[in-house]
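Here the protein sequences come in this chain order: D and B. Take 1352 as the starting number for the first sequence in the numbering used here and just add one per residue. Take 1352 as the starting number for the second sequence in the numbering used here and just add one per residue. What follows is one structure encoded as C-alpha cells, with my remarks underneath.
There are 2 protein chains.
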Amino acid sequence: MARAARDPEERIRERNMRLIIKAGIEIFARKGFDGTRIAEIAEASGLPKANVYYYFSSKEEIYTAIIAHLLASWDDALKYISPEREPAEAFKLYIKAKLEYTRKNMAESRLFASEIIQGARFLSRKDREHIRQVTDTHVAVVEGWIAAGKMLPVDPRHLFIMLWASTQFYSDFEPVAVDALKKPRLKADDYEKAAATITETILRGILRQP
Amino acid sequence: MARAARDPEERIRERNMRLIIKAGIEIFARKGFDGTRIAEIAEASGLPKANVYYYFSSKEEIYTAIIAHLLASWDDALKYISPEREPAEAFKLYIKAKLEYTRKNMAESRLFASEIIQGARFLSRKDREHIRQVTDTHVAVVEGWIAAGKMLPVDPRHLFIMLWASTQFYSDFEPVAVDALKKPRLKADDYEKAAATITETILRGILRQP
DNA sequence: TTGAAAGTTGACACTTTGGTCAGCTTTTGT
DNA sequence: ACAAAAGCTGACCAAAGTGTCAACTTTCAA
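Quick look at the structure:
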C-alpha cells in the first residue's frame, strides 16, 4: 500500500497547510474576507494557486479554518478570572495576558476584529454559543466576588467589554494608537504602559477603597 | 446661458451624491474597501452603475469623500473635554456623547474602524496630523486637571484610548457585544447602562477619593 | 524496484469587476 | 420656444477573479 509513513506524510501536508493559513491570516486581516484574493494568499505562501486549491476547496474553507484555529486558542487569557484568585490579582493578570496575546498575534486579532465588524458572517451558532458560555462563566466569578464584598457592584458584562475593548485596541487599531501615543510604532514598553494604566484605572474603579 | 438655477441645480446633484454616499457608508462598512463592489453601491442607492460614475470617477473617490465627511463630524464629542469644566462632568458628557454618536452612526463608525484595521491606507497625512493635534489639545487639558490636583496622575493618552475603545466597541463589534450582554440586539437602554458603567468605573479610577 | 497514493502545476473556463462611452432625455436661463 | 448644459444609462471592455483539470513529478510501503 502506498500510504506514506505517518510522520513524513503529515509533514508536507502540514507544512503547506500551515504556510497557507499563515499567509491567509495576514491577508484576511488586512483585506477582510471579500477583499482577499486567493492568488494573493498563494503568492504570499510561496505556492502556486492550484496548489492552494489542492489543500482547500474554497476561500471560505481557508477562512473558517483560520477562525476555528483562532477561537481554540482564544480562551486562554480568560483562565485568570477564576474564583480562587483575588480580583485585583486576577484582573491584573488578565489584562497583561490579553495585551501580550494581541501583541504577539496581531494579524489573528485583526482578522477576528474584521470578521466581527463585517457582521460575524462566518461565526457559527456554535462559535457564538461558545463565546456566550465562556462569558457567562466569568460573569459568575465576578458576581461571586461582588457578593463576597471583594468588589464594588459593577455590571460584569459591561466590565468585560471595557477590558476586551481596551486591550484589543492597541493591536487592532494600531495606526490610531500610534498617533494617539505619538510614537512611530508600538513597542513592548508601550504595551506595558498600557497594561499599567488600564490595570490601575480599572482596579481603582472596581475595588473597595482601602 | 444654460447654467441651471442654483437651487434646483444643486438639488439633483446633492440628492444623488447623498444617496451614493449613504449606500457607500453601509457597504464599505460591511465589506471594507477592497470587498466593496461599485455595482452593489449602485443597487443600494437605486441608481444605475453608470450614474454613480457620473458623480464619482472611481471607487476611491467615493471612499475618501466618505472619510472626509466623517472626520469633519468627528471632533464634536471631544468638545466636552475643555479646561473650564470639572473632570467628572467632562468625562461623563464625553462618554455619553461618544456612545450616542456611535449608536446613531453605526455604519460610519464601522467604516472608520474597518479603515483603521485595514491599515489606514486612505487616511492622508493631513488627516492623521489632525487626529494627533486634536489628541494633543485634550491631553493638555487632562494634564492641567492633574496638575491642579483634580485628577489622579493617569497617563492621558492611554486614558483616551480606554475611553475611545470602550465606547466604540458597542457599535463596531455589536455581534460580540450582543452575545456578551445576552441580548437579541442592543437598544437605547443598553447604551445607557454602558455609559453608566464606563462613567462610574473610569471616574472612580481617575478621581481623588472624597 | 515498483506502483499506487500524494503532491504539483500550467493552462484553461467561466464569472465578476472597475471603468468607459456614445447617444439619449431632462432641465433651465433667456 | 430653444439651445446648451446637466443628467442619465444600456451596452461594452479589458482586467482580474474563482475554481477546475489533466498531466506531470515525488514519495514510500511492500
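Ideal Cβ placement from N, Cα and C applies to all residues, glycine included.
The alpha carbon of A1423/B has as its nearest neighbour, out of D1530/B, I1482/B and R1461/B, the alpha carbon of I1482/B. In this structure, R1508/D lies near L1532/B, with their beta-carbon atoms less than 7 Å apart. Contact between V1485/B and L1421/B does not hold, since the beta-carbon distance rounds to 14 Å and is not under 8 Å. Looking from the CA of E1466/D, the closest CA among P1526/B, P1399/B and V1403/B belongs to P1526/B. Sequence-ordered contacts of the segment 1493-1513 of chain B with chain D read L1503, V1505, D1506, R1508, H1509, L1510, F1511, I1512 and M1513 [C-beta pairs closer than 9 Å].
Taking L1537/D as the centre and dropping the five residues before and after it, the same chain places the C-beta of Y1521, E1525, A1528 and V1529 closer than 7 Å to its C-beta, in chain order. Here I1418/D is not near G1375/D, since their CB atoms are 7 Å or more apart.
Secondary structure in the segment 1440-1483 of chain D: the alpha helix (DSSP H) runs of 4 residues or longer, each lying completely within the stretch, are 1457-1468 in chain order. Here DSSP, grouped into helix, strand and coil, assigns K1501/B to coil. At the C-beta level, R1555/B and G1470/D stay beyond 7 Å of one another. At a Cβ-Cβ threshold of 7 Å, I1468/B and D1385/D do not count as neighbours.
Put simply, the CB of V1403/D is far from chain B, with every gap to its CB atoms at 7 Å or more. Within the segment 1387-1413 of chain D, no residue has a Cβ lying closer than 7 Å to any Cβ of chain B. Take M1457/B, set aside five residues on each side of it, and the residues of its chain with a beta-carbon closer than 7 Å to its own are S1522, in chain order.
For the pair T1387/D and I1378/D, the Cα-to-Cα distance works out to about 6 Å. Taking the CA atoms as reference points, A1439/D sits about 48 Å from V1403/D.
Cα atoms of I1446/B and T1518/D: separation of roughly 18 Å, rounded to the nearest angstrom. I1371/D does not reach chain B, its nearest Cβ partner there being about 20 Å away, counting only Cβ pairs nearer than 7 Å. Measuring C-alpha to C-alpha distances from R1454/D to each of A1491/D, F1442/D and D1540/D identifies D1540/D as the nearest. Looking at the backbone, the Cα of G1500/D and that of S1433/B are separated by about 37 Å.
Among the CB atoms of chain D, one or more fall inside 7 Å of the CB of I1468/B.
For T1548/D, the C-beta contacts it makes with chain B under 9 Å involve V1505, D1506, R1508, H1509, L1510, I1512 and M1513, in order along the chain. T1552/B places its beta carbon 7 Å or farther from that of V1492/D.
Here K1443/D has T1550 as same chain residues with Cβ atoms under 6 Å from its own Cβ, once five neighbours each way along the sequence are excluded.
Taking CB atoms only, L1532/B has a neighbour in chain D less than 7 Å away. Taking a Cβ-Cβ cut-off of 8 Å, G1375/D has no neighbours in chain B, whose nearest Cβ is about 15 Å from it.
Boundaries of the alpha helix (DSSP H) around W1515/D: P1507 to D1523.
Straight across, the Cα-Cα distance linking W1496/D with M1502/D is about 6 Å. In this structure, E1437/B is the residue among A1516/B, L1450/B, E1451/B and E1437/B with its C-alpha nearest to the C-alpha of E1494/B. Y1542/B is positioned such that its CB atom lies closer than 7 Å to that of L1450/B. No Cβ-Cβ contact shorter than 7 Å links A1498/D with A1516/B. Residue state for S1396/D is assigned as helix, using DSSP reduced to three classes.
In the three-state reduction of the DSSP assignment, K1538/B falls in the coil class, being assigned neither a helical nor a strand state.
S1408/D sits exposed, since fewer than 16 C-beta atoms from the chains shown fall within 10 Å of its C-beta. Between the C-alpha atoms of L1510/D and T1548/B there is a straight-line separation of about 7 Å.
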